[in-house]
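Quick notes on the structure that follows.
Number of protein chains: 2
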Amino acid sequence: MNFSVSEENYIKCIYHLQQDTGMVNTNALAAEMQTKAASVTDMLKKLSSKKILQYEKYHGFKLTDNGRKVALSVVRKHRLWEYFLVEKLGFEWDKVHDIAEELEHISSNELIERLQQFLGNPSFDPHGDPIPDSNGKIPKLNQVNLATLQLNKTAVVSSVANQSPQMLEMLKHYSIRIGSSIKLLKRFEFDGSLEIKVGKQASCIISEPIAKNLFVHYE
Amino acid sequence: MNFSVSEENYIKCIYHLQQDTGMVNTNALAAEMQTKAASVTDMLKKLSSKKILQYEKYHGFKLTDNGRKVALSVVRKHRLWEYFLVEKLGFEWDKVHDIAEELEHISSNELIERLQQFLGNPSFDPHGDPIPDSNGKIPKLNQVNLATLQLNKTAVVSSVANQSPQMLEMLKHYSIRIGSSIKLLKRFEFDGSLEIKVGKQASCIISEPIAKNLFVHYE
DNA sequence: TTTTATTTTTAGATTTGTCTAAAATTTATT
DNA sequence: AATAAATTTTAGACAAATCTAAAAATAAAA
Ligand SMILES: [Mn+2]
Ligand SMILES: [Mn+2]
Ligand SMILES: [Mn+2]
Ligand SMILES: [Mn+2]
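Protein chains in written order, with the working numbering: chain A, 1 to 219; chain B, 1001 to 1219.
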């Protein structure tokens, strides 16, 4: 079946919301989609009639198996394009989201399969988010918040929660990237800030808010 | 100013039509856009009010300077994406048009500038059509139809008029590509077929219809 | 358990892009 | 010049996606 740009954006958005909250409600979706609740209800009816949603009036909704499949294919395209934009075209990671938001709706399947190959079958996008494969399987990574890392352990940065330009600026300053190895040297009681060693650089101190935005995995 | 996908498709189509015929008429545009004359009239009014067209009721229309600028930017994007699809993703040239028809509407200017650089600033797309630069300037090539080439002259294939899979199959058989050098050895009176030498291969004979679809330039 | 507040849905309009059928205009033919 | 044919435009309708304002249903508070 074929979906409009608008439908695909709704489906993807519902997918992301239900990752957190299980069943999704109208107002939350309206807020996330930057539209009005009435518009959401209209779309819910439509997606429901297309068997994308399990939808009970007044009682929330969630994706069907097929709906989740559609969502994952859009997510896959989004993240592969983001990878392309950063790795091949040299964009900064905080500039790619809006462009990928358009590119994810290009319909050709062969295009996305070839793109994936051309990129070397990446598993994670520039923000560290996993890229579903063509069957909708998502690579998993046992990641843990940097703020909760054990003392004197070394781990590798795997993703960043806040992907704003402000965060990017901060991380650039510390030369922290996805893939950087970080060793936790000391945790300061006073404000929760951490002394860390990034790669082979001299140790430095990062604030708790920064640490909480960074996820790492072992080995 | 911003244009919808539909508007951009119309503008580009008008541009191509007026290359041949000067002033464009409603029915021709409807045929090319695979739609109805009434729909075209509606769009003409809209584009006219946006100063994209000089439009006189019942008397045809053509693009304004600004309209031509918009058209060229869409053509530019179309051809750069086609180049990407063939040269980077390994598509055959007869498979790329429809995909580029979607990709040409991605709006980011920075994207297209970076894409151009990434591709090495190509001047011609996989079909041999010129790629306008960011100012709308079009590279020119003094090309001539292969059927009219002088005897015993060597020239380089620069573009192909008919870009169908059938034509591609034919050209593959003869190992003729854009950039192939061709020497005209003999012209047969009977049916206009030509004996040619492609690169360093043994000479072969091509039919007049094939020859008429191939354009070449000297040196 | 009423009453109040919040959430969600419906009703009715609007915009964009399309269509068919009919009217208007131009072009071609007698 | 009058008539026929072709082209183009208008009139009116429709589907998709959105909106505002009002009604209906549910949840929370008194
Ligand atoms: Mn999108
Ligand atoms: Mn991402
Ligand atoms: Mn297009
Ligand atoms: Mn082309």
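All residues carry an ideal CB built from backbone N, CA and C; glycine is no exception.
Self-check item: Segment contact, 8 Å Cβ cut-off, at least three pairs: the stretch 1136–1149 of chain B with the stretch 1066–1075 of chain B
Solution: yes
Quiz item: Who are the neighbours of G90 (chain A) on chain B, taking C-beta pairs under 9 Å?
Solution: R1114, Q1117 and F1118
Quiz item: Does any residue of chain A bring its CB to less than 8 Å from the CB of E1102 (chain B)?
Solution: yes
Quiz item: For K53 (chain A), which of helix, strand or coil comes out of DSSP?
Solution: Before going further, note that residue 53 (chain A) is Leu rather than Lys in the sequence given. In the structure shown, L53 (chain A) sits in a strand (DSSP, three-state: E or B).
Quiz item: For N1009 (chain B), is the beta carbon positioned less than 7 Å from some heavy atom of ligand 3?
Solution: yes
Quiz prompt | Cα-Cα separation between S1180 (chain B) and D125 (chain A), rounded to whole angstroms | solution = 40 Å
Practice problem: Tell me where the beta strand (DSSP E) around F1003 (chain B) begins and ends. | Solution: No beta strand (DSSP E) holds F1003 (chain B); DSSP gives it neither H nor E.
Practice problem: Examine chain A for any beta-carbon lying closer than 8 Å to the beta-carbon of S1073 (chain B), and answer yes or no. | Solution: no
Quiz item: Does the Cβ-Cβ distance between E82 (chain A) and V96 (chain A) come in under 8 Å?
Solution: yes
Quiz prompt | alpha helix (DSSP H) segments (min. 4 residues) lying fully within the stretch 1106–1170 of chain B | solution = 1109–1118
Practice problem: Tell me whether E1082 (chain B) counts as near ligand 4, meaning its Cβ is closer than 7 Å to at least one heavy atom of that ligand. | Solution: yes
Quiz item: Secondary structure at K12 (chain A), three-state DSSP: helix, strand or coil?
Solution: helix
Quiz item: Would Y15 (chain A) pass as a contact of L63 (chain A) if the rule is Cβ separation under 8 Å?
Solution: yes
Quiz item: Within 8 Å (strictly less), CB to CB, does I131 (chain A) reach chain B?
Solution: no
Quiz item: What separation, rounded to the nearest whole angstrom, lies between the Cα atoms of L61 (chain A) and Q19 (chain A)?
Solution: Here residue 61 (chain A) is Phe; the residue named in the question, Leu, does not match the sequence. Their Cα atoms are separated by approximately 13 Å.
Practice problem: Classify E1092 (chain B) as helix, strand or coil using the three-state DSSP reduction. | Solution: coil
Practice problem: Report yes if the C-beta distance between V216 (chain A) and Q143 (chain A) is below 8 Å; otherwise report no. | Solution: yes
Quiz item: CB-CB under 7 Å to D1129 (chain B), same chain, minus the five flanking residues each way: which ones, in chain order?
Solution: R1079 and S1159
Quiz item: Looking at R1079 (chain B) and ligand 4, is the gap between the Cβ and the nearest heavy atom below 7 Å?
Solution: yes
Practice problem: Give the DSSP-derived three-state secondary structure of K36 (chain A) in the structure shown. | Solution: coil
Self-check item: C-alpha gap between L1171 (chain B) and I1210 (chain B), whole angstroms
Solution: 9 Å
Practice problem: Tell me whether E101 (chain A) counts as near ligand 6, meaning its Cβ is closer than 7 Å to at least one heavy atom of that ligand. | Solution: As far as ligands go, the structure on display features ligand 1, ligand 2, ligand 3 and ligand 4 and does not contain ligand 6.
Exercise. May I have the straight-line CA-CA distance separating G199 (chain A) from E1007 (chain B), to the nearest angstrom?
Key: 52 Å
Self-check item: Cβ-Cβ distance between F84 (chain A) and L44 (chain A) below 8 Å
Solution: no
Self-check item: Same chain, Cβ closer than 7 Å to S193 (chain A), neighbours up to 5 away in sequence not counted
Solution: I205, I206, S207 and E208
Quiz item: Roughly how many angstroms separate the alpha carbons of M1167 (chain B) and E1195 (chain B), rounded to a whole number?
Solution: 18 Å
Quiz item: For chain B, is any of its Cβ atoms less than 8 Å away from the one on L29 (chain A)?
Solution: no
Quiz item: Around the Cβ of Q1117 (chain B), are there at least 16 other Cβ atoms within 10 angstroms (buried) or fewer (exposed)?
Solution: exposed
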